[in-house]
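Asker: Just so you know, the sequence shown maps onto residues -18 to 259 in the numbering used here.
We treat Cβ as the ideally placed atom computed from N, Cα and C, and that holds for glycine.
On a predicted model such as this, the values are computed, not experimentally measured, just so you know.
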Amino acid sequence: MERRVEVSEFLRLKRANISPQDVGLDSPVRNRRVPGLRREEVAQLAGVSADYYTRLEQGRDITPSESVLDAIANALRLAAAERAHLFDLARPRRTDARAVQRVRNGLHHLLDTWTEHPAFIVGRRTDVLATNALARILLTDFDSMPARERNFTRWMLLDESARRLYVEWERVAAELVAKVRFDAGRCPEDPRTQELVDELTAKSPEFREWWPTRQVMAHSNGSKLFNHPLVGALEVDYEALTVPDEEEQTIFIYTTQSGSPSEQAMRALARHAAAGRW
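1) Compute the distance between the beta-carbons of residue 131 and residue 123, then report whether it is under 9 angstroms.
2) Round the Cβ separation of residue 239 and residue 215 to the nearest angstrom and send it over; I've been treating them as touching at under 8 angstroms.
3) Ends of the alpha helix (DSSP H) at residue 50?
4) Let me know if residue -18 comes out buried or exposed under the rule of 16 or more other beta-carbons within 10 Å of its beta-carbon.
5) Flag this pair as touching only if the region 13 to 23 and the region 184 to 204 have three or more C-beta atom pairs under 8 angstroms; answer yes or no.
6) On the three-state DSSP scale, how would you describe residue 118?
7) Please list the segments of the alpha helix (DSSP H) lying wholly inside the region 3 to 45, counting only runs of 4 or more residues, in order along the chain.
8) Hey, which unbroken runs of the alpha helix (DSSP H) at 4 residues or more fall wholly within the region 93 to 181?
9) Using three-state DSSP, classify residue 223 as helix, strand or coil.
10) Can you tell me which residues form a DSSP beta bridge with residue 216?
11) For residue 52 and residue 153, I'd like the C-alpha separation in whole angstroms.
12) Can you check whether the CB of residue 120 is closer than 9 angstroms to the CB of residue 146?
13) Touch check for the region 154 to 172 and the region 63 to 73: three-plus C-beta pairs under 8 angstroms?
14) Which of the three DSSP states is assigned to residue 194 in this structure?
15) Of the residues 67, 118, 24 and 56, which one's Cα is nearest the Cα of residue 44?
16) Please list, in chain order, all residues of the same chain as residue 62 whose beta carbon is under 7 angstroms from its beta carbon, the five residues on each side excluded.
17) To which residues of the same chain is residue 165 closer than 6 angstroms at the C-beta, ignoring the five residues directly before and after it?
18) Report the rounded CA-to-CA distance for residue 218 versus residue 30, giving the unit in angstroms.
19) Please indicate yes or no: does the CB of residue 212 lie closer than 8 angstroms to some heavy atom of the ligand SAM?
20) On the criterion of 16 or more Cβ atoms from any shown chain inside 10 Å, does residue 160 qualify as buried, or is it exposed?
21) Is there contact between the region 132 to 139 and the region 189 to 196, where contact requires at least three CB pairs shorter than 8 angstroms?
22) Decide if residue 245 is buried, meaning its Cβ has at least 16 other Cβ atoms within 10 Å, or exposed.
23) Taking C-beta to C-beta, are residue 221 and residue 207 nearer than 9 angstroms?
24) Excluding the 5 residues flanking residue 143 on each side, which residues of the same chain have their C-beta closer than 6 angstroms to its C-beta?
25) Quick check on DSSP: helix, strand or coil for residue 230?
So this is what it looks like as structure tokens:
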């Protein structure tokens, strides 16, 4: 039942965010009683019956085909992560959400060889599974935390040091919440995810604001701005790489532009890390 409710709410919110003009429909805004598209308009764009789409959005017990979901995703102009999330909700895969995630020894060694680039591995629900020394000095020492607290989103929302570190804290924090929502759709039966959601709902006003919007995101690349207490301003680019044979583990690698002040700041930070000064 819960999964059908999630499908219903996700479709309703995405439908409300699209205007008829966005999809080429000629419908005066002043004559409309609902924000965004009507259900029958989504059905028309997707090539399904209005009754079928209505039952799907109402959370009825139906399992749409992949072709129908593709058509609805196209009609609602879903981004890649949103499309994947819709499939996860409507056609759930069998996953062992209770299995403990472990990082291979070879990957630990690989992280440690990157002495000039912060690197870390994130797993389900943004749990931090492994870090190198430069990541620990740039961000925080996740390795020193109790195992259940080694979570990127939890740290971002509940630790004041994260708010001081990230210049664009609100954007980064909201993206992490969207990643947790994405993972929750993929593994809805995961009790650890529910524990995290319950804790953040109780302790973070921002999480209480962002979680109901059902935004989803899967990180691939981007940039971040830091104001680090040891080296000051720092801009990094990052790449997110899925670990082979471990699709729920992602390696994040931070780099700086060659010849930039950020490169010099990162080298200074690397010297601190090598000396164990943090």
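Answerer: Short version:
1) yes
2) With a Cβ gap of about 15 angstroms, residue 239 and residue 215 do not count as contacting.
3) 47 to 56
4) Model confidence at residue -18 stands at a pLDDT of 48, short of 50, so the residue's coordinates are unreliable and nothing is read from them.
5) no
6) Residue 118 sits in a helix when the DSSP states are folded into three classes.
7) 20 to 27 and 31 to 38
8) 114 to 119, 133 to 139, 141 to 146 and 150 to 167
9) strand
10) 206
11) 31 angstroms
12) yes
13) yes
14) Note: residue 194 maps to helix in three-state DSSP.
15) 67
16) Hits under 7 angstroms: 163, 197, 198 and 199.
17) 174
18) 46 angstroms
19) No copy of the ligand SAM occurs in the structure displayed, which carries no ligand at all.
20) buried
21) no
22) exposed
23) no
24) 136 and 137
25) strand
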